[in-house]
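**Q** Here the sequence shown is numbered in UniProt numbering, starting from 1 and rising by one per residue.
Think of the CB as a built atom: it goes at the ideal place given N, C-alpha and C, for glycine as much as any other residue.
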Amino acid sequence: MTTAPLPLPDSARAASLPDAAFLARLKTLTQYYVVTAFLALLVGVLIGPLQALNYGGVNVYDTPILRALLKSYYQGLSLHGVLNALVFTQFFISGWLLYLPTRDLKVTINLRFAWLSYLMMTAGLLIAAVPLLLNQATLLYTFYPPMQGSPVFYIGAAIMVAASLLVAGQVIAAWVGWKRAHPGRVTPLVAFMSVATWMMWTVASLGLVGEVVFVLIPWSLGWVGGVDPLLSKTLFWWTGHAIVYFWVLPAYISWYAFLPHHAGGRIVSEPLVRLTFVLFLLNSTPVGLHHQYADPNISTTWKFIHMFLTFLIAVPSLLTAFSVAASLEDAARARGGRGLVGWIGHLPWGQPVFSASVLAMVSFIVGGAGGIVNASAAFAPVVHNTAWIPGHFHITVGTATTLTFMGTAFWLIPHLTGKRLPSVRLASASVWTWFIGMMVFALGMHWQGLLGVPRRALVSATTQDVYREMPIRVPALLTAISGMILLVSALLFFYVLFRMLLSRRVDDSEATTPIPYSEAISSAGETLAGASALVRLTEPLLALWGVALLLVLLMYGPVVARLLAEAQLVPGWRLY
Ligand code: HAS
Ligand code: CU1
Numbered sequence: 001m002t003t004a005p006l007p008l009p010d011s012a013r014a015a016s017l018p019d020a021a022f023l024a025r026l027k028t029l030t031q032y033y034v035v036t037a038f039l040a041l042l043v044g045v046l047i048g049p050l051q052a053l054n055y056g057g058v059n060v061y062d063t064p065i066l067r068a069l070l071k072s073y074y075q076g077l078s079l080h081g082v083l084n085a086l087v088f089t090q091f092f093i094s095g096w097l098l099y100l101p102t103r104d105l106k107v108t109i110n111l112r113f114a115w116l117s118y119l120m121m122t123a124g125l126l127i128a129a130v131p132l133l134l135n136q137a138t139l140l141y142t143f144y145p146p147m148q149g150s151p152v153f154y155i156g157a158a159i160m161v162a163a164s165l166l167v168a169g170q171v172i173a174a175w176v177g178w179k180r181a182h183p184g185r186v187t188p189l190v191a192f193m194s195v196a197t198w199m200m201w202t203v204a205s206l207g208l209v210g211e212v213v214f215v216l217i218p219w220s221l222g223w224v225g226g227v228d229p230l231l232s233k234t235l236f237w238w239t240g241h242a243i244v245y246f247w248v249l250p251a252y253i254s255w256y257a258f259l260p261h262h263a264g265g266r267i268v269s270e271p272l273v274r275l276t277f278v279l280f281l282l283n284s285t286p287v288g289l290h291h292q293y294a295d296p297n298i299s300t301t302w303k304f305i306h307m308f309l310t311f312l313i314a315v316p317s318l319l320t321a322f323s324v325a326a327s328l329e330d331a332a333r334a335r336g337g338r339g340l341v342g343w344i345g346h347l348p349w350g351q352p353v354f355s356a357s358v359l360a361m362v363s364f365i366v367g368g369a370g371g372i373v374n375a376s377a378a379f380a381p382v383v384h385n386t387a388w389i390p391g392h393f394h395i396t397v398g399t400a401t402t403l404t405f406m407g408t409a410f411w412l413i414p415h416l417t418g419k420r421l422p423s424v425r426l427a428s429a430s431v432w433t434w435f436i437g438m439m440v441f442a443l444g445m446h447w448q449g450l451l452g453v454p455r456r457a458l459v460s461a462t463t464q465d466v467y468r469e470m471p472i473r474v475p476a477l478l479t480a481i482s483g484m485i486l487l488v489s490a491l492l493f494f495y496v497l498f499r500m501l502l503s504r505r506v507d508d509s510e511a512t513t514p515i516p517y518s519e520a521i522s523s524a525g526e527t528l529a530g531a532s533a534l535v536r537l538t539e540p541l542l543a544l545w546g547v548a549l550l551l552v553l554l555m556y557g558p559v560v561a562r563l564l565a566e567a568q569l570v571p572g573w574r575l576y
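Right, dumping it as structure tokens:
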């Protein structure tokens, strides 16, 4: 095991910088996105241990202090889910995927427009936060009707999503401009991955936009008398599945493009990375019915088609697993690693920028395998709506995505600000405790789920004999312990983060902390004329974007059309 200093980055790329004033302003904007994201995460994760204690059999929601802060377990859970899964991710990704492609293409973008998108997203967040905090939108992060919330919540959420689409539009437009100015050139890899991710998100978000704008807002304002719960839920999952790739692909960008550099190795094959992202663009969205196997009035044929497409969308993740593992092996052997598995010890495990991403990936091996169980129609009835599901998503979005972003912050903030990571040891401790806490949480929750414990339930307050007789002591204890480990981890992480943010600028960030681009063993080349067939086939992203849209319309059109034709409107409920 070694923590030797890492080699300097590709100096050719780091050297050619756009106008310094523009760069400084772009960095400030990115910092705003990233810091807003982490502030949301701070509030969101502090509520997490309360949920873990609930699944550990300890009801803290009835204590006087919490009663004063939160009206119910469900209000706590709504805040936890919305802030962590929806707000943290969206702000971080918007900053990350605006900054990276702009830098990679070496273009200037209209910063007024970019600030407008940020301010709009923040306004949306603040608007939605009011009813959430006032217990007027205790709907959980899926806000299924006929549970009804304040229209202010739906309007705030719509503004937030619209702002993300403005960022998407700006990045895609910048890339189109670059293509016009550089005919015959291959899009640089990081820009390629970023543009493909934004294109995927535009197709994915159509379901949610339809649901919120045409159903939930008019209904919550009283303009229409009722709502069709199944139609809304179907539109929600159109977006709701693909959003998980909107959360994880920005982490993939880090695993592919930057992790090999942190490890001291190289990207294995650039053409393969491009293929992976095109597969995600095409097939992330037409799979959402795997969340609705238990719902009536959707034909089994469509559910099965979506199931097979779900298995197909695991393929680009498997490609990622093998090719990033090969990058790590390349790095470890360059550091003197030997043997079938002996090389693993030669990776820089003591460097938090490295260990965060790799531990995130290790958790994703288990999370991804669980996803394939969820997607199988034969297993889904065993795990659906049980504690297994939160077990699954805490080692996907909660670790694969979140831990990668936490580790990214350790180089990105110094890069953006010229400040220094105050303590490698504390940062490392926060990373390892996050990983251990989440793995223990996942073990406890998957286990409880298999025993039939439901998700989204204040099980710690139940007096039903059925719970007392369940053999859940061990997994419940594990879940409670995991909440405490995660609390320690979060305190360590935010201590390091805020100490770094509040410290003084010490150096020129471009020189000391450049973007950690990795070199490739098999690169894509610079010109299309000399590129391999795979590079030429994946380069026309605009056309592939059109195909993605067509695929979704084919796979969702008939399902939604039938639900629309047979719509059954029911009045809303307020359960809180
Ligand atoms: Fe999922 C439910 C199926 C991936 C998140 N998922 C959820 C929910 C969330 C979520 C939040 O089919 C709950 C929604 C709710 O509240 O109701 N999921 C899948 C499948 C995948 C998958 C098939 N999920 C994700 C990702 C998420 C996420 C990614 C967030 C970021 N999921 C489902 C289904 C449900 C579901 C059903 C509904 C369940 C129900 O009944 O309600 C696949 O994409 C997974 C493919 C991934 C792999 C793993 C690849 C591994 C990699 C790492 C390699 C590691 C290396 C390290 C190289 C096959 C890439 C090596 C280390 C060394 C040291 C050398
Ligand atoms: Cu899904």
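At what residues does the alpha helix (DSSP H) containing V453 begin and finish?
**A** Segment: none, V453 is in no alpha helix (DSSP H) and carries neither H nor E.
**Q** Mind reading off the beta-carbon distance from S509 to P414? Whole number of angstroms is fine, and I expect it under 8 Å.
**A** Their Cβ separation, rounded to whole angstroms, is 6 Å, which keeps S509 and P414 in contact under 8 Å.
**Q** Considering only the beta carbon of each residue, do W302 and V560 sit closer than 8 Å?
**A** Contact flag unset, no.
**Q** Can you grab the Cα-Cα spacing for the pair T138 / S269, in whole Å?
**A** Their backbone Cα atoms lie some 46 Å apart in a straight line.
**Q** Could you tell me the alpha carbon to alpha carbon distance between A14 and P316, rounded to whole angstroms?
**A** Caution is warranted here: a pLDDT of 44 is assigned to A14, below 50, making its placement in the model unreliable, and no coordinate value can be reported.
**Q** So the candidates are K233, N84, V353 and G449; which of them puts its Cα closest to the Cα of V397?
**A** The shortest Cα separation from V397 among K233, N84, V353 and G449 belongs to N84.
**Q** In three-state terms, what does DSSP make of S355?
**A** The answer is helix: DSSP assigns S355 an H, G or I state.
**Q** Return the CA-CA distance between G57 and P271, expressed in angstroms with no decimal places.
**A** If I take the Cα positions, the gap works out to 50 Å.
**Q** So, helix, strand or coil for W573, using DSSP?
**A** W573 falls in the strand class under three-state DSSP.
**Q** So, is W573 buried or exposed, given that buried needs 16 or more other C-beta atoms within 10 angstroms?
**A** W573 should be labelled exposed.
**Q** Going by DSSP, what residues sit across from I267 in a beta bridge?
**A** I267 is bridged to A520.
**Q** State yes or no: is the C-beta of G437 within less than 8 Å of the C-beta of V353?
**A** No; because the gap between Cβ atoms is not below 8 Å, this pair is not in contact.
**Q** Grab the span of the alpha helix (DSSP H) containing F311 for me, first residue to last.
**A** Per DSSP, F311 belongs to the alpha helix (DSSP H) from T300 to A334.
**Q** Would you grab the beta carbon distance between V213 and A158 for me? Rounded to a whole angstrom, and I think it's under 8 Å.
**A** That pair is a contact at about 6 Å.
**Q** So, helix, strand or coil for M470, using DSSP?
**A** M470: coil per DSSP, three-state reduction.
**Q** Identify, in the order they occur along the chain, each residue of the same chain with its Cβ nearer than 7 Å to the Cβ of T417, setting aside the five sequence neighbours on each side.
**A** Counting only Cβ-Cβ distances below 7 Å, and skipping sequence neighbours, we find Q31, R505 and S509.
**Q** Hey, out of A457, Y495 and A174, whose CA is closest to Y55's CA?
**A** When each option's Cα is compared against that of Y55, the closest is A457.
**Q** Would the beta-carbon of T239 fall within 8 Å of that of A204?
**A** Going by C-beta atoms, T239 is nearer than 8 Å to A204.
**Q** For T197, is the beta carbon positioned less than 7 Å from some heavy atom of the ligand HAS?
**A** Outside the cutoff, so no.
**Q** Hey, out of P49, L111 and S94, whose CA is closest to A21's CA?
**A** Cα-wise, what sits closest to A21 is L111.
**Q** Taking 7 Å as the line, does the beta carbon of V244 fall inside it for any heavy atom of the ligand CU1?
**A** Yes, Cβ of V244 sits closer than 7 Å to a heavy atom of the ligand CU1.
**Q** Use the C-beta contact count for L133: other C-beta atoms within 10 angstroms, 16 or more gives buried, fewer gives exposed.
**A** L133 should be labelled exposed.
**Q** Is F280 close to chain E, meaning its C-beta is less than 8 Å from at least one C-beta of that chain?
**A** The structure shown contains no chain E, having only a single protein chain.
**Q** May I ask you to verify whether the stretch 160-171 touches the stretch 531-546, counting CB pairs closer than 8 Å and requiring at least 3?
**A** No, because fewer than three Cβ pairs between the stretch 160-171 and the stretch 531-546 fall closer than 8 Å, the two stretches do not touch.
**Q** Rounding to the nearest angstrom, what Cα-Cα distance links P576 and K71 in this structure?
**A** The residue asked about is misnamed: residue 576 is Tyr in this sequence, not Pro. Roughly 9 Å separates the two Cα atoms.
**Q** Can you round the beta-carbon distance between A387 and M361 to whole angstroms, since I take them to be within the 8 Å contact cut?
**A** 24 Å between Cβ atoms; not a contact.
**Q** Can you list, in chain order, the residues of its chain whose CB lies under 7 Å from that of D10, leaving out five sequence neighbours each side?
**A** Note that D10 scores 44 on pLDDT, short of 50, meaning its location in the model is unreliable; the coordinates nonetheless yield the value given after this. Excluding positions up to five away in sequence, the list reads Y517 and E519.
**Q** On the premise that V440 lies in contact with L478, defined as a C-beta separation below 8 Å, what is that separation, rounded to the nearest angstrom?
**A** So it is a contact: roughly 5 Å between Cβ atoms.
**Q** Excluding sequence positions up to five away, which residues of its chain have a Cβ less than 6 Å from the Cβ of T89?
**A** W247.
**Q** Relative to the C-alpha of F364, which residue among L347, V324 and R499 is closest?
**A** Checking every option, the nearest Cα to that of F364 belongs to V324.
**Q** Helix, strand or coil for R504 per DSSP?
**A** Reduced to three states, the DSSP call for R504 is coil.
**Q** Name the residue from G95, V107, A128 and P101 whose alpha carbon lies nearest to the alpha carbon of L116.
**A** Nearest of G95, V107, A128 and P101 to L116, Cα basis: G95.
**Q** Leaving out five residues on either side along the sequence, give the residues of the same chain with a beta carbon under 8 Å from the beta carbon of A12.
**A** Caution applies to A12, whose pLDDT of 42 falls short of 50 and renders its modelled position unreliable; the model cannot decide the point.
**Q** Looking at F280 and M200, is the spacing between their C-beta atoms short of 8 Å?
**A** Contact flag set, yes.
**Q** Going along the chain, which residues of its own chain have a beta-carbon closer than 6 Å to the beta-carbon of H306, five neighbours each way excluded?
**A** Excluding residues within five positions, the ones whose Cβ falls inside 6 Å are V287, L289 and H290.
**Q** Determine, using beta-carbon pairs with one atom in the stretch 465-472 and one in the stretch 76-83, whether at least three such pairs fall under 8 Å.
**A** Contact fails: fewer than three Cβ-Cβ distances are below 8 Å.
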